[in-house]
Amino acid sequence: MNWTSPTEYEHGELVRFIRNIRRGDVAFAVVLFILFLVPIAIGIWMLTDHNMLGLVPLISFSILMLVPMGCLISDLDRKKLILDGDYSVCRCRVASRNAVRSGRTKVTYFISVRLDDGSIRKFKTRSDEYSKAKEGEKALVVLYKKTEDLKKELPPDVVILREI
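Note that this note's numbering has the sequence shown beginning at 1083, numbered continuously upward.
Below, the structure written as structure tokens:
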């Protein structure tokens, strides 16, 4: 694979990719917040003999609980590496895509890309990139550099480039 540094356009596409990931994380955090809010509200309300003063600590607890949950599910390592430029890219084209069902509800998405030398490599990807991938479209395989402050090694990402 021919790893190079990205152009300004490609870096902009990667920032868009991270922004889309963050948007999904915020929506997930809001859903979790609502799911946790209802049972806790009912419990505190019952404990305070139906007095509404119990809702004040409940709301503050729920808001405080939302902040660490949002940090846990967000992709802060990936965002930091992209914004700092600690990555390299390989330009390629989409060869095929497929989804594999593992279990009743879990689906794993894969995109196969054709490299410049003609070989085909298969990468696991996110569902939003999978849905945009069409055969022959330009794509980037993003390889993140290892730094000492990473919690875990990040797998390569496949990002579909938009036509300009």
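Built from N, CA and C at the ideal position, the CB exists for glycine as well.
Contact annotation: lysine 1204 and serine 1194 have beta-carbon atoms nearer than 7 angstroms.
Remark: C-beta atoms of alanine 1181 and tyrosine 1191 approach each other more closely than 7 angstroms. DSSP places arginine 1160 in the helix class (H, G or I) of the three-state scheme. In the three-state DSSP reduction, aspartate 1239 falls in the strand class (E or B). Following the DSSP letters along the chain, one finds serine 1184 in no beta strand (DSSP E), marked with neither H nor E. Around the C-beta of aspartate 1239, 16 or more other C-beta atoms lie within 10 Å, and the residue is accordingly described as buried. A Cβ-Cβ contact shorter than 7 angstroms links valine 1171 with leucine 1222. With contacts defined by Cβ atoms closer than 7 angstroms, valine 1189 and phenylalanine 1099 do not form a contacting pair. In the three-state scheme derived from DSSP, where H, G and I count as helix and E and B as strand, leucine 1197 is classed as coil. Annotation for lysine 1220: no alpha helix (DSSP H) segment contains it, though the beta strand (DSSP E) segment containing it runs 1220-1226.
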